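Working notes, beginning with the structure itself.
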Amino acid sequence: MEYIDYYKILGLTKDASQEDIKKAYRKLARKYHPDLNPNNKEANKQFQQINEANEVLSDPENRKKYDKYGKDWKHGEEYEKAQQAQNQSSGRNRQSASGGFGEDFSSDFFESMFGGSSRSGSGRQAKFRGQDFNAELQLKLTDVYKTQQQTLTVNGKNIRITIPAGIENGQTIKIANHGAPGVNGGPNGDLYISFSITNDSVFKREGNNLYASIDLDLYTAVLGGEITVDTFDGKVKLKVNPETQNGTKVKLKGKGFPVYKQDGQYGDLFITYTIKLPTNLTEKQKELFTTLSKS
Amino acid sequence: MEMENLISTTEFCINHQIEISFISSLQEFGLIEITTIEEKTFIDTNQLYKLEKIIRLYYDMDINIEGIEAITHLLQRNESMQNEITKLKNRLGLYEAFK
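Chains as they are written, first to last, in numbering that gives the first Met the number 0: chain A, 0 to 294; chain B, 0 to 98.
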């Protein structure tokens, strides 16, 4: 295992007092603690190191071992035991050397990191809820038009969740009690799922409204008529007014996207007409256009 | 009154080994809400996450209640700004798709 200079992590020298260690830890914790840096992985990583350094240095016995054995400090007990065996001295109240300080420490470290009991400072043996988990779920826009259920596997457990229709790209939902187990009998953390929604439809979505552009032939635009347009829940007939201009926008009320957690409520669908001029005109058609232009 | 979502303040303080006066101070600062039923005080379970976070800030990071109040406001602003960024990114995506 690579040697970690815990003093350096806390910005201290070897002669630092217990008070210095406490102060340095608190100062850095105020900067990097996950509570103050939500969703900041870099800060969380930094905090893990700071917490680990504090766990070792704030405990006088662990600090002594760390100072004594340097980079081999985690095997210090093993070394000591071997020494004791050699000296035929027995009966010391020590734990198994094979497990090592490292394993015990990691477990404590994990608890402390995620809001568990801190051995430094007040010495509270508090119950704390477990760590929150974050996950990202990729869905298609057509998937979130209707409320659906999905089964997710989080840390080896299958969780069945309901995804309400109308969820937004980037939105996060909380699944209570599906995070890490609590510490000292505290409640479990929560699971936060962020949704990444890709648009696989012809519509553009903004909030609950949908936008689409459809081509309109010149004759329908000039004379008016009836066209059929696609919406998210099927086709609808739409009346086109005579003399409709290019770029005209029409609103189809209630044909947009479902409003999140508001059953039966929908946004609107906005259709923009793009008028297409006829091509490959026959001589007769050209004559008619000429006549029209002179009329 | 619905009791199943309430935790006795005394019980909470015993479990967390903190003083009841600390909870009262948080209430005075408007950081948490306390429900009083028949002269007994209770904490809504919805507030547990927030409250435990405050306890960590106070006891483990040595931040006083005034500091916690300021941090809470800043974190709330940060969260609403994050939501705004998400919304704006979605809108920007919409216009870029039209290009």
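Note that the Cβ used here is the ideal one computed from N, Cα and C, for glycine as well.
Keep in mind that this is a model prediction, so the values were computed, not measured.
Inclusion of Q47/A and I8/A in the CB contact set at 7 Å is not warranted, their separation being larger than that value. The alpha-carbon of K203/A is positioned some 56 Å away from that of E38/B.
For R128/A, the secondary structure class from DSSP, reduced to helix, strand or coil, is coil. Comparing alpha carbon positions, the residue from Y191/A, L287/A, K252/A closest to P37/A is Y191/A. Between R29/A and chain B, the shortest Cβ-Cβ separation is below 7 Å. Taking C-beta separations shorter than 6 Å and ignoring five residues to either side along the sequence, the partners of T271/A in its chain run S212, K248, following chain order. Taking 7 Å as the CB threshold, D267/A stays off the interface with chain B.
Here the C-alpha atom of I20/A lies approximately 51 Å from the C-alpha atom of G165/A.
Just so you know, the alpha carbons of Y259/A and P163/A end up roughly 7 Å apart. Linking G92/B to Q45/A through their CA atoms gives a straight-line distance of about 33 Å. Put simply, of K139/A, P241/A, G155/A the residue whose alpha carbon is nearest the alpha carbon of I196/A is K139/A. Annotation: Q137/A to F194/A spans about 6 Å, alpha carbon to alpha carbon. In the displayed model, E32/B falls within coil according to three-state DSSP, outside both helix and strand. If you draw a straight line from the Cα of G66/B to the Cα of S200/A, it comes to about 48 Å.
Under the three-state reduction of DSSP output, V258/A falls in the coil class, being neither helix nor strand. According to DSSP, V249/A shares a beta bridge with I270/A.
Just so you know, the alpha carbons of L268/A and K254/A end up roughly 5 Å apart. Around G246/A, no beta-carbon contact reaches into chain B at under 8 Å, the shortest distance being about 13 Å. Classified as buried, F41/B has 16 or more neighbouring CB atoms from the shown chains inside 10 Å of its CB. Interface criterion met: the Cβ of R55/B is under 7 Å from a Cβ in chain A. As the crow flies, the alpha-carbon of P59/A is around 11 Å from that of N53/A. Within its own chain, the residues whose Cβ lies closer than 6 Å to the Cβ of L237/A, once the five positions on either side in sequence are excluded, are I226, V228, listed in chain order. Cβ-Cβ separation between A179/A and F132/A: approximately 7 Å, consistent with a contact (criterion under 8 Å).
DSSP links D214/A through a beta bridge to T273/A.
Residue burial is scored here from C-beta neighbours: F288/A has fewer than 16 other C-beta atoms within 10 angstroms and is therefore classed as exposed. Proximity to T278/A across L217/A, A42/A, Q261/A peaks at L217/A, based on C-alpha coordinates.
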